[in-house]
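Right, one structure below, let's go through it.
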Amino acid sequence: MMLFRPTTAGSLPKPGWLAETEKLWPKWKLEGAELDQAKRDAALIWIKLQEDAGIEIVNDGEQFRTHFVHGFLETVQGIDWDLKTRMGIRNNRYVVDVPTVTGPLKRSRPVHRDEAAFCREHTKKGLKFTLPGPMTICDTLADGHFGKRADMAMAFAEILNEEALDLEAVGVDTIQFDEPAFNVFMDDVKEWGVAALERAARGLKCTTAVHICYGYGIDANIKWKETLGSEWRQYEEIFPPLNASKIQQVSLECANSHVPISLIGLLPDKDLLVGCIDVATNEIETPQAVAATIEEAMKYADKERIYPCTNCGMAPLSRQVAAAKLEALGAGAALARERHS
Ligand code: ZN
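So the number in this note's numbering is just where the residue sits in the sequence shown, counting from 1, plus 151.
Okay, structure coming up:
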């Protein structure tokens with residue numbers, strides 16, 4: 152088995168002909184059949200660029216959705232998109248008008264199945280698909296129906312599971328749930344967050360992953376990070392329950408981070424998607440810097456469990472910067488492979 156197989160946390164920038172650029176909530180520039188075709192074209196470009204960069208487990212770069220949470224929810228019944236509730240999310244880091252859950256939840260149809268099948272047709276590399284995690288969904292919607300966040304999370308976990316099984320059936324190799332909320336609500340993670348995640352992954356035979364980060368490199372996150380002190384130890388609370396869970400891979404932030412990398416020692420039974428690319432800067436990492444982050448991780452984890460990755464999604468970056476960072480990631484992994492195979 153090849154050592155240090157690189158992958159990314161998920162999102163990549165939308166080309167300028169598809170959507171507004173360098174925005175977290177971009178507007179599409181096309182509609183109808185033209186938009187569908189353009190999304191596929193954009194996914195193909197990114198799959199090709201990932202392959203060329205030496206990324207071994209590729210994905211669609213989230214070209215099919217404008218935002219990682221709402222893209223999945225758009226077709227779910229039980230959510231009133233016109234009933235907006237003003238809410239502080241991620242423990243009041245951002246205040247936004249969010250849609251409201253008003254009734255029982257039901258997935259009206261597979262959301263990303265055909266898109267994943269299209270990607271599968273066009274790559275022989277490992278294929279990953281990302282979905283929002285149940286806790287993060289619950290933190291991005293207002294609850295006007297369930298009364299308890301844990302109950303709403305479990306209901307979302309059930310429909311995420313239906314979707315994940317559909318993705319697996321069309322040949323997706325890795326399904327990753329994105330749970331940035333895990334670094335914010337650490338008590339909830341222990342009480343019901345991991346259980347909801349396991350419910351979402353129930354019955355999957357493909358590889359399962361969870362991505363837990365400190366968010367995109369946008370102003371609200373940078374300000375939040377300034378309040379966290381010099382050492383970020385949120386992972387310390389959530390890694391033990393995650394290590395005991397059935398989820399196989401954990402994607403975490405390591406590059407330029409205040410997270411002590413020794414905390415990965417708390418995940419002795421998991422594969423580690425080690426963030427070697429900082430998504431909060433336009434500076435391009437050198438392959439040497441990527442290899443150095445991998446080598447730091449090797450002090451606390453066997454090399455066979457290390458998958459070089461990005462700290463988070465790269466959607467808000469420019470296309471040029473994201474492409475260059477992919478190249479750096481692939482080259483850094485190759486360098487580490489040369490040194491340690
Ligand atoms: Zn992230």
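All C-beta atoms, glycine included, are put in the ideal place defined by N, C-alpha and C. Computed from a prediction, not measured in an experiment: that's the story for all the values here.
Cβ shell of residue i (< 6 Å), same chain only, five flanking positions each side left out
{"i": "Arg488", "result": "Leu154 and Phe155"}
{"i": "Asn242", "result": "Val335"}
{"i": "Trp179", "result": "Ala170 and Leu186"}
{"i": "Gln228", "result": "Lys257 and Ser259"}
{"i": "Val209", "result": "Ile198, Gln201, Thr274 and Lys276"}
{"i": "Glu478", "result": "Ala204"}
{"i": "Leu414", "result": "Tyr386 and Glu387"}
{"i": "Gly298", "result": "none"}
{"i": "Val246", "result": "Gly239"}
{"i": "Ala293", "result": "Thr236, Met238, Val249 and Thr251"}
Any non-hydrogen atom of the ligand ZN within 6 Å of residue i CB
{"i": "Pro331", "result": "yes"}
{"i": "Cys463", "result": "yes"}
{"i": "Cys427", "result": "no"}
{"i": "Cys364", "result": "yes"}
Spatial neighbours of residue i in its chain, beta-carbon cut-off 8 Å, leaving aside the 5 residues before and after
{"i": "Gln400", "result": "Thr325, Gln327, Thr358, Thr359, Ala360, Val361, Lys421, Asp422, Leu423, Leu424 and Tyr458"}
{"i": "Glu319", "result": "Ile326, Leu355, Lys356 and Cys357"}
{"i": "Glu455", "result": "Met152 and Leu154"}
Simplified DSSP state of residue i, which is helix, strand or coil
{"i": "Gly483", "result": "helix"}
{"i": "Gln327", "result": "strand"}
{"i": "Cys463", "result": "coil"}
{"i": "Pro255", "result": "strand"}
{"i": "Asn238", "result": "Per the sequence presented here, residue 238 reads as Met, with Asn not at that position. If DSSP states are grouped into helix, strand and coil, Met238 belongs with the strands."}
{"i": "Ile198", "result": "helix"}
{"i": "Ile206", "result": "coil"}
{"i": "Ala315", "result": "helix"}
{"i": "Ile363", "result": "strand"}
{"i": "Val425", "result": "strand"}
{"i": "Trp176", "result": "coil"}
{"i": "Gln214", "result": "coil"}
{"i": "Pro157", "result": "coil"}
{"i": "Val227", "result": "strand"}
{"i": "Leu355", "result": "coil"}
{"i": "Thr281", "result": "strand"}
{"i": "Asp294", "result": "strand"}
{"i": "Ala184", "result": "helix"}
Neighbourhood of residue i by C-beta distance below 7 Å, restricted to the same chain and skipping five residues each side
{"i": "Trp176", "result": "Thr217 and His218"}
{"i": "His552", "result": "No statement about residue 552 is possible, as the shown extent of the chain runs from 152 to 492 and does not include it."}
{"i": "Val345", "result": "Pro392, Leu393 and Ser396"}
Minimum C-alpha distance to residue i - residue among the options
{"i": "Leu311", "options": "Thr287, Gly295, Ala293 and Asn334", "result": "Thr287"}
{"i": "Ala431", "options": "Phe333, Gly464, Pro166 and Phe280", "result": "Gly464"}
{"i": "Gly212", "options": "Asp192, Asp231, Lys397 and Ala484", "result": "Asp192"}
{"i": "Asp290", "options": "Gly254, Asp329, Phe269 and Leu278", "result": "Asp329"}
{"i": "Cys364", "options": "Glu207, Cys405, Met238 and Asp302", "result": "Cys405"}
{"i": "Arg271", "options": "Val323, Glu309, Asp248 and Pro285", "result": "Val323"}
{"i": "Cys308", "options": "Ala293, Gly284 and Asp294", "result": "Here residue 308 turns out to be Ala, not Cys, going by the sequence shown. That would be Gly284, whose Cα lies nearest to the Cα of Ala308."}
{"i": "Leu282", "options": "Ala160, Ala474, Glu434 and Leu418", "result": "Ala160"}
{"i": "Asp453", "options": "Ala304, Ala268, Ser492 and Leu316", "result": "Ser492"}
{"i": "Glu382", "options": "Lys174, His409 and Pro261", "result": "His409"}
{"i": "Lys493", "options": "Gly222, Gly483 and Ser469", "result": "In the structure as shown, the chain begins at 152 and stops at 492. Residue 493 is therefore absent and cannot be evaluated."}
{"i": "Ala184", "options": "Pro164, Leu486, Val249 and Phe215", "result": "Phe215"}
{"i": "Tyr451", "options": "Asn462, Val249, Gly416 and Gly426", "result": "Gly416"}
{"i": "Thr172", "options": "Ala485, Lys476 and Val472", "result": "Val472"}
{"i": "Ala301", "options": "His263, Val252 and Ala347", "result": "Ala347"}
Span of the alpha helix (DSSP H), counted from its first residue to its last, around residue i
{"i": "Cys270", "result": "Arg264 to Glu272"}
{"i": "Arg244", "result": "Unbroken run through Arg244: none, as it is neither H nor E."}
{"i": "Gln385", "result": "Gln385 to Asn394"}
{"i": "Pro285", "result": "Pro285 to Cys289"}
{"i": "Gly222", "result": "His221 to Leu224"}
{"i": "Arg350", "result": "Val345 to Ala351"}
{"i": "Thr437", "result": "Where Thr437 is concerned, there is no enclosing alpha helix (DSSP H), given that its DSSP letter is neither H nor E."}
{"i": "Ile373", "result": "Asp370 to Glu377"}
Neighbour flag for residue i against chain C, beta carbons, 7 Å
{"i": "Ala479", "result": "In the displayed structure, chain C is absent; only one protein chain is listed."}
Start and end residues, beta strand (DSSP E) containing residue i
{"i": "Leu403", "result": "Gln400 to Leu403"}
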